[in-house]
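Taking it in order: structure first as structure tokens, then the write-up.
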Amino acid sequence: MKKSLLALVLLPFFATNVFSQLKFSDETKKYIEYSDSVIAFKNALLIDGTGNAAKSHQTVIIVNGKINWIGDDVNAIIPKVANTIDLNGKALMPGLVMLHEHMYISAPSMETRQYFVHQLPATFPRLYLAAGATTIRTAGNIEPYSDINLKKDIDAGKIPGPSIEATAPYMEGNQSPIQQMNRLDKPADAVSFVNYWADQGFTSFKGYMFIDKPTLRAAIEAAHKRKLKVTAHLCAVTYREAAEMGIDQLEHGFFASTDFVTDKKENQCPANADEVIANLNVESDSVKNLLQLLVDKKVIITSTLAVFEGFTTTQPAPTAELLNYFSPDSRDFYLKLFARIKSGKAPSDDDRAFVNNAKMEKLFYTMGGLLTVGTDPTGNGGTIAGFGNWRAIELLVESDGFTPLEAIKIATLNGAIALGFNKNIGTIETGKNADLLIIDGDPSKNISDIRKVQFVFKKGVGYNSRKLFESVKGKVGFN
Ligand SMILES: [Zn+2]
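Adding 3 to a residue's 1-based position in the sequence shown gives its number in this note's numbering.
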């Protein structure tokens, strides 16, 4: 209390414009609506990200990009220098912290059956920020220099976008059919790979489907030596094996688990993993034992329901609004894929795997596991940055059965904890960065209200969501 009062007393002396410290490009400035050093939000419905119930009639004061004071409107002493924003009827919640946010799309080239992805460094950062993602982890990249320079350019204010926790290029194995990924041959390759990309500024790593046990183990040890974290989209290595070698996180809920494939060969990626998850008894002891091991070893799980919904016959039809954002070629590709999947017989293996995965994610959380959320915006199922972020969070409620407050916590605080950034981001608390969303609705009651984001504050600078969206309409895709 004393500290915040002191800060308020000293305000006139420190109240310099945020613009004076951060040089935004003319392009970035087009989307900035608020850049005052002192902003007071009053009359807000406060959703703080901790999972606590929303509170009405709250004031939040931010000073030089940090949250300085939070309390009831009636107790607020709003400094004269503040730009006061009345949030009557609106909610204030933390910026999203999402953990599987690539900068590429794969849709237009999948028809050739040769998996190939295209970097979207112009549209995706804007979509992420527009939807309310203030911090993202990329969880693997195809164009490392584009990703790392994009991060630097965003931090420097040249380009509008979220804060990026940059994951190094994928660590893939020898059997991989994907040409854009490095194929690590042996443990020594993994060690030099980790050290090289860590030297280039990447701060996390991701193993991919065909990496084998000795190579993944060497990568984890090399990353941990540098105090960096490793996640993976597994297949040849099981979740149990990776947990036992000390992996930090695993992607795609339990879709990528090959632990229950009975005739699985060591270091081989089985072809029938989806079918096995589809037919799994999720109440069995073998499932509970695996989940308990993951909880005990503090392995974090990233739920990526939006992209997997795109394989199901139960997926909703795309909205006209979403389709407006695709470029013509990627829209055409997506609609053909959608029609093909919808014409399939229900329930498919993918439908049943989707349901079983949702149950396992909920059980993992209930058992005390740290569940986070990501988008994996590869274009599958129309999953792109921004819209896909919202869908991934909605599905935590619709499919996993979380309450909206739990889903918000998973998409904010849990993401921050997983990245080790929770001292500075993830909740609305004094001392943390002013990464805040103004929502014209109440997502604590109706999770789909996260789609009604109006302004996105990143480190105290408020961006106009609508303007960011409009700037990339019709441009998301191949060209
Ligand atoms: Zn991915």
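We put the CB at the ideal spot given by N, CA and C, even for glycine.
Under the DSSP assignment, S40 falls outside any alpha helix (DSSP H); it carries neither an H nor an E label. Residue pairing by DSSP places P97 opposite L439 in a beta bridge.
Across the structure, I428 and E247 are spaced so that their CA atoms are roughly 30 Å apart. At a threshold of 6 Å, D379 counts as near ligand 1, since its beta carbon sits closer than that to one of the ligand's heavy atoms. Judged by DSSP in its simplified three-state form, E175 adopts strand. By the C-beta density criterion, G313 is buried, having at least 16 other C-beta atoms within 10 angstroms. Judged by DSSP secondary structure, I413 falls within the alpha helix (DSSP H) whose first and last residues are P407 to A414. Comparing C-alpha distances from T138 to each of K300, P165, E146 and H227 shows the shortest one belongs to P165. Rounded to the nearest whole angstrom, the C-alpha separation of G204 and Y107 is 20 Å. In this structure, F357 is the residue among F357, N71 and N78 with its C-alpha nearest to the C-alpha of A276.
DSSP, reduced to helix, strand and coil, places T265 outside both helices and strands of the structure shown, so it counts as coil.
In this structure, the beta-carbon distance from I42 to I70 does not fall below 7 Å. Going by DSSP, Q457 is part of the beta strand (DSSP E) stretching over V456 to K461. By the CB criterion at 7 Å, L130 and V459 fall outside the cutoff. It is roughly 11 Å from the alpha-carbon of D150 to the alpha-carbon of R140.
Collapsing the DSSP output to three states places F329 in a strand. Annotation: the continuous alpha helix (DSSP H) that includes Q295 extends over D288 to D299.
Within a 10 Å sphere around the beta-carbon of M370 sit fewer than 16 other beta-carbons, which makes this residue exposed.
DSSP, reduced to helix, strand and coil, places S346 outside both helices and strands of the structure shown, so it counts as coil. The segment 215 to 261 contains, as complete alpha helix (DSSP H) runs of 4+ residues, the segments 216 to 228 and 242 to 247 (chain order). By the Cβ test, the segment 30 to 49 is in contact with the segment 461 to 477, since at least three Cβ pairs between them sit closer than 8 Å.
For F208, the three-state secondary structure derived from DSSP is strand. When beta bridges are read from the DSSP output, L374 appears opposite I304. Of the candidates H105, E473, K461 and F472, K461 places its Cα closest to the Cα of N67. In this structure, T261 lies near K267, with their beta-carbon atoms less than 7 Å apart. Between the alpha carbons of D299 and G423 lies a distance of about 19 Å. Relative to the Cα of V84, the nearest Cα in the group I73, D39, P97 and L374 belongs to D39. Cβ contact annotation for V240 (same chain, cutoff 6 Å, sequence separation greater than five): K216 and L219, in chain order.
Cβ neighbours of S447 within its own chain (closer than 6 Å, five residues either side excluded): I50, A57, P407 and L408.
Sequence-distant partners of R355 (beyond 5 residues in either direction) whose C-beta falls short of 6 Å from its own C-beta, in its chain, are A281. D89 carries a strand assignment under DSSP once its states are collapsed to helix, strand and coil. The way I'd put it, the segment 435 to 455 does touch the segment 94 to 101; three or more beta-carbon pairs between them come closer than 8 Å.
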